[in-house]
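All remarks here apply to the structure that follows.
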Ligand code: SF4
Ligand code: SF4
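Residue numbers (our numbering), protein chains in the order written: chain A, 1021 to 1524; chain B, 11 to 261.
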C-alpha cells in the first residue's frame, strides 16, 4: 500500500502535505484501505475555482491514525459505492452540494433537498434557480400482486423530528424501507465557512442538540489543533465527565423509549424521568441541562467545585441504581424479550460493509469505539471498557446501552476522584493558515468526525461535520428488511438516529 | 408482576409540586437577563459585538435585550467590561406578544391568560400537536420531559396528540426550515379552529442561532399567528410549563 500522510486524533497538518492523487489512484487508495479494514470517516468536497476537490479521511482503528488524501475534478467522478457501500451517502452529499455526478452510483438521490452550491445545474440536471421540493425524488418500487407501499412523515405522531419513510411491503412483511431526510436542513455547514465567529460554538452545540457536548468537544479538538493549544488535564477531565453524562442521559432515555414501543410502561415511565435526572446532573456542571456553553476551544467555561463534584457523584450513583432497577424489569419480562430478541438484526458483515459506528456497530459484534481506538484528552490516561455484543438485534442494541451506562458511571466516579487541580481554560492563538485539522469523538450515538480546512487568513475555508447518524441511517433500512411494518418504531428507537445531525 | 410492584416501590413518587411549590433550579442556572444601565459606559458596544444572535441593541443610548433571540449563553455578561449585565434565577419568561420579550429596563410583563371564552374552551383540556421544524432536538426533548413522571403534564389537562385533527393547537419548535414550511402550514390548516399556536425556543421565535440563513424562515412564519412565546435555547421545562399554565390562567 502506498503511504499516505496521517495525523493522530486532534492534529493538524499543512494542507499542501495532503497528496493530490489522480482519480484512479484516489479510488485505489480508498478501496485498498477499506479492504484492509480501514473506514471512511469523512469524504467531502471543497469548491476550488472551477473545480471541486474531494478529501478523504480514512480511519485506521488498529493504529489510531487518520490517513488523508485528495483528488480534484470538474464535473464528475467515478463512484465507489458499488464496491464500498459505506461511501454511498457521502457521494450523494457531494453530488447534491457541488453539482458533480458520481458516475455509476447505484441510487443517486438528493439527501437534503437544497440547490447546488456551485454551477448552473445540479447533479440531476435541474436549473440551480429552480425551487427544490423536499422529499420529491425517485423511490424504489416493488411490483407484484399484493405488494403495497406505506408512506409516513414528514410529520410523525410523537414529539420527534421530521423525516419521510416509505415501506415496500407484502402484507406485514417489509421488503425494503426507504428513508428520506432533509426536512431539518438549516444550512449549518455552509454558514460555518468564513468562521470562527461568535456563532460558531453555538452552531456546534445545536448540530444535534442531544449531542451538544460531543460536537462541542470535536470542535474544540479541531480548534486546539489549529491554534496549537493544549487544554489543562483538569479541563480535559471535566469535558470527559460531561460527555459521559450525555451518554448516560441518552442511553437511559433510549431504554425507556424501547420499553414504550413494546408497551411496557413501567420502564418507559421510570427511564423518562431518569433521563431528566442525568440532564439535571449535567446542569450541575454548567447550569444547562444539555451542557450548552460548557466546552470551548482551550478548555471549559466552568470549573468544578468540590461540592458540585460530590453532588454529581451522589446523583450519578443514585440515578444509575434506578436505571438498573428499571432496566432489570426489561431483561426479566418474557413479553419484552420476545419482542426484542431477533428483531431488526444487522449482521456483523453488513455492519462492517455499511461502516456503522457506535452502539449500533458494537451490538453487531464490531469492536469500534473512538474512546479506545483514538483516545483523546482524559481517555488517554483513563480508558473506558468498550462493550460488544453479537446478535445485532434490538435486544443487543438495548443491552449495549445498559452495559455502557454502567461503564460511564464508573468512569465519572473515578475521573472525579482523580481530577487534577489547575486552571480550566487556556487562551487560544489565531488558527494556522492553510491547515487541515481532523478530530474524532465518541458521542453517545457513535463516531463524530469534524474536519476543518483554513484559508490563507486562518478562516474556515471548509468545515465538515459527520455525525454518527450519517453512517447509521442506512443501517436502520437494512435492519428492517424482512421484518414486520409494526417493528419499525422499535427498530427506529433501537438506533435512535439524529435527523438534524444528519440534515445540518 | 411482583417485581414490577417492587420496582414501583423503589422508584417512589417523583412528581414535582409545581406550581404550588417553587422549583429547585441548578446553582448555575441563568434566567431572565438584568442589567444596571448606570454602569454602561457611553459608546461601549462590547456586549452587542459579542452576541451571536444580535439580541442586544442600544436604542437611543439605552440597552435592550430581546429574549426572543437570546440563547442565554451569558457571552454578553462575560464580555461586559463594567460588569453591568447579569442573569437572574427567574425562570418565568413566556410572553403573549413578540414585543413582550424585548426587555428595555421596564418591568417585564408575564404572559397573561387567554380571554374568558377561550379559557372556557381550553382551560381544563388542551390537546396540542407538536411540530418540529428544524429544531435541534433539545427543545423537543424538554417538551417531552413534561410528559414524564417528574412534571406529569397530564394532571393539568394538557396532552400531546398524534393528529392535528384531534388538536386544539400547535406547539412549534425550530427555525422553520424551508423544507418544513409546507408541512407546517398543512398541519396548521388541518387543526380545527379556534386554535392556539405556541412557539417554543429562540429558533421558533426568531430563527435563533440560524436566523438569516437562506434555508430557514426565521421562526413561525406569517399566516400562523402565535399566542404564546417561550424564550430560551432550549427553555427550561419549567419555563415551558409556566408559560402553558399562564396561558390557561392556571398559574
Ligand atoms: S446571553 Fe443572550 S444577549 Fe447575551 S450574548 Fe448570549 S445570546 Fe446575546
Ligand atoms: S431554540 Fe435552541 S435548543 Fe431549541 S431547537 Fe433551537 S437551537 Fe435547539
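C-beta atoms are modelled at their ideal positions from N, C-alpha and C, and glycine is treated no differently.
DSSP state of residue i mapped onto helix, strand, coil
| i | result |
| --- | --- |
| residue 179 (chain B) | strand |
| residue 1286 (chain A) | helix |
| residue 1077 (chain A) | strand |
| residue 1360 (chain A) | helix |
| residue 1244 (chain A) | helix |
| residue 1532 (chain A) | Look at the range of chain A in this structure, 1021 to 1524, and you will see that residue 1532 (chain A) is not part of it. |
| residue 45 (chain B) | strand |
| residue 174 (chain B) | helix |
| residue 191 (chain B) | helix |
| residue 76 (chain B) | strand |
| residue 1520 (chain A) | helix |
| residue 55 (chain B) | coil |
| residue 83 (chain B) | coil |
| residue 1031 (chain A) | strand |
| residue 1451 (chain A) | coil |
| residue 1511 (chain A) | helix |
| residue 221 (chain B) | coil |
Contact set for residue i: own chain, Cβ-Cβ below 6 Å, skip 5 residues either direction
| i | result |
| --- | --- |
| residue 1200 (chain A) | 1155, 1184 |
| residue 1240 (chain A) | 1315, 1317 |
| residue 220 (chain B) | 185, 226 |
Endpoints, beta strand (DSSP E) assigned at residue i
| i | result |
| --- | --- |
| residue 1189 (chain A) | 1184-1190 |
| residue 140 (chain B) | 136-142 |
| residue 1089 (chain A) | 1085-1093 |
| residue 1344 (chain A) | Where residue 1344 (chain A) is concerned, there is no enclosing beta strand (DSSP E), although the alpha helix (DSSP H) it sits in stretches over 1326-1351. |
| residue 1122 (chain A) | 1121-1123 |
| residue 1484 (chain A) | 1480-1486 |
| residue 105 (chain B) | That residue, residue 105 (chain B), is in no beta strand (DSSP E); it is neither H nor E in DSSP. |
| residue 1067 (chain A) | 1059-1068 |
| residue 1173 (chain A) | Where residue 1173 (chain A) is concerned, there is no enclosing beta strand (DSSP E), given that its DSSP letter is neither H nor E. |
Exposure label - residue i; buried when at least 16 CB within 10 Å
| i | result |
| --- | --- |
| residue 172 (chain B) | exposed |
| residue 1396 (chain A) | buried |
| residue 30 (chain B) | exposed |
| residue 1280 (chain A) | buried |
| residue 1021 (chain A) | exposed |
| residue 23 (chain B) | exposed |
| residue 1217 (chain A) | exposed |
| residue 244 (chain B) | buried |
| residue 1097 (chain A) | buried |
| residue 1168 (chain A) | exposed |
| residue 1127 (chain A) | exposed |
| residue 1190 (chain A) | exposed |
| residue 32 (chain B) | exposed |
| residue 1256 (chain A) | buried |
| residue 1450 (chain A) | exposed |
Cut-off 8 Å between Cβ atoms - residues of its own chain near residue i, not counting five sequence neighbours on either side
| i | result |
| --- | --- |
| residue 1386 (chain A) | 1368, 1371, 1372, 1376, 1408 |
| residue 1036 (chain A) | 1454 |
| residue 1068 (chain A) | 1092 |
Residue i, enclosing alpha helix (DSSP H) - first and last residue
| i | result |
| --- | --- |
| residue 67 (chain B) | Run containing residue 67 (chain B): none in the alpha helix (DSSP H); it sits in the beta strand (DSSP E), 66-69. |
| residue 1216 (chain A) | Note, residue 1216 (chain A): premise wrong, no alpha helix (DSSP H); not H, not E. |
| residue 20 (chain B) | 12-21 |
| residue 1048 (chain A) | 1043-1055 |
| residue 1469 (chain A) | Not the alpha helix (DSSP H): residue 1469 (chain A) falls in the beta strand (DSSP E), residues 1466-1474. |
| residue 153 (chain B) | 148-154 |
| residue 1113 (chain A) | 1108-1118 |
Beta-carbon proximity list for residue i, same chain, < 7 Å, skipping 5 on both sides
| i | result |
| --- | --- |
| residue 1040 (chain A) | 1090, 1091, 1092 |
| residue 1309 (chain A) | 1299, 1300, 1302, 1303 |
| residue 1505 (chain A) | 1170, 1187, 1189, 1192, 1194 |
| residue 86 (chain B) | 57, 60, 61, 66, 95 |
Check: residue i C-beta below 8 Å from any heavy atom of ligand 4
| i | result |
| --- | --- |
| residue 213 (chain B) | In the structure on display, ligand 4 does not appear, and the ligands it does have are ligand 1 and ligand 2. |
- Message: Under 9 Å, CB to CB, which of the residues in the segment 1446-1457 of chain A have a partner in chain B?
- Response: none
- Item | Residues of the segment 217-233 of chain B with Cβ closer than 7 Å to any Cβ of chain A, in chain order | 219, 220, 223, 224, 225, 226
- Item | Residues in the segment 1216-1227 of chain A having any Cβ partner in chain B nearer than 9 Å | 1217, 1218, 1219, 1220, 1221, 1222, 1223, 1225, 1226, 1227
- Task: Name, going along the chain, the residues of the segment 1334-1362 of chain A whose beta-carbon falls closer than 9 Å to a beta-carbon of chain B.
- Result: 1341, 1342, 1345, 1346, 1348, 1349, 1352, 1353
- Query: Name the residues in the segment 1423-1441 of chain A whose C-beta lies less than 8 Å from a C-beta of chain B; which are they?
  - Reply: none
- Query: Going along the chain, which residues of the segment 1165-1199 of chain A sit with their C-beta nearer than 8 Å to a C-beta in chain B?
  - Reply: 1174, 1175, 1177, 1178, 1179, 1180, 1181, 1182
- For the segment 86-97 of chain B, which residues have a beta carbon sitting closer than 7 Å to at least one beta carbon of chain A? none
- Message: Any C-beta of chain A within less than 9 Å: which residues of the segment 133-147 of chain B qualify?
- Response: 139, 140, 141, 142, 143, 144, 145, 146, 147
- Residues of the segment 237-250 of chain B with a CB closer than 9 Å to any CB of chain A: list them in chain order, please. 243, 244, 246, 247
- Relative to chain B, which residues along the segment 1141-1168 of chain A have a C-beta separation below 7 Å, given in chain order? 1154
- Task: Could you run through the segment 1270-1291 of chain A and flag, in chain order, every residue whose CB is less than 7 Å away from some CB of chain B?
- Result: 1286, 1289, 1290
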